[in-house]
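Taking it in order: structure first as structure tokens, then the write-up.
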Amino acid sequence: MQAVKEKLQDMNAMRKVKAEAKAEEKAEKDLAKARMDIAHEVRLAKEAEAAMDLHVTKAGERAEKEIEKHTSTGQAASMETANGPIYTATETHRMDHH
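Position 91 of the sequence shown, counting from 1, maps to 90 under numbering that gives the first Met the number 0, and the rest follow consecutively.
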């Protein structure tokens, strides 16, 4: 009878150890999955940031092109409006002798 009792105690102890090991394994798997999910989200964030930087750069380049277009063609007109008429050296010379 004592042998049966010991065997049952051993089986219960073994069941308890197995349950604890299984719970620990599950916790480790959950942690590993969480780490993988975080790594995935970080990768997506880095890709989105790179795409955003690219769009910002493209927008800046387009803005510079537009500014260049308007300054190169309208520079003399805008300067004339802001500072009065622009005269060349020959026009200034003719104005002095009139």
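Glycine included, each C-beta is placed from N, C-alpha and C at the ideal position.
Inter-residue spacing [alpha-carbon to alpha-carbon] between Ala12 and Ala20: 12 Å
Run through DSSP, which three-state label would Met35 get? helix
So what's Met0 in DSSP terms, helix, strand or just coil? coil
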